[in-house]
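Numbering (this note's numbering), first residue to last: 2 to 119. Here a beta-carbon is modelled for each residue, glycine too, at the ideal position from N, C-alpha and C. Heads up: the structure comes next, in structure tokens.
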């Protein structure tokens, strides 16, 4: 867990270090922070932001695929989109698309169909 930016700024760790002539080791013991963290703070006080990761599939295309092929298995969708079955499962859950049983067929031949939320 990282330290908040306010702690880094308000604590004025480095001003105290310069004012009292403390070493990094003494400052780390005083604030309970590792020396490596102090070196990192010295180079960059602001928290580094990560770039958002692009989605593996287009959600509109997935919705259209569910409409066009409601009886397809997740692994079949995964092959069509070139992703893993787990990825398809994740995005179907994200979209609120649930797996519904086709109750008209007998239990031995029952297949699953996917329904879009209304």
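- By the CB criterion at 9 Å, residue 58 and residue 82 fall inside the cutoff.
- Contact check for residue 67 against residue 17 fails: the beta carbons are separated by 9 Å or more.
- C-alpha of residue 38 to C-alpha of residue 19: approximately 17 Å in a straight line.
- Annotation for residue 89: 75, 78 and 79 place their beta carbon closer than 6 Å to its own, counting only its chain and skipping 5 residues before and after.
- Only exposed fits residue 60, as fewer than 16 other CB atoms lie within 10 angstroms of its CB.
- The closest CA to that of residue 62, considering only 72, 23 and 92, is found on 92.
- In the three-state scheme derived from DSSP, where H, G and I count as helix and E and B as strand, residue 99 is classed as strand.
- Annotated three-state conformation of residue 59 is coil, per DSSP.
- In the DSSP assignment, residue 44 falls within the unbroken alpha helix (DSSP H) covering 36-44.
- Rounded to the nearest whole angstrom, the C-alpha separation of residue 94 and residue 64 is 12 Å.
- Here the alpha carbon of residue 86 sits roughly 19 Å from the alpha carbon of residue 54.
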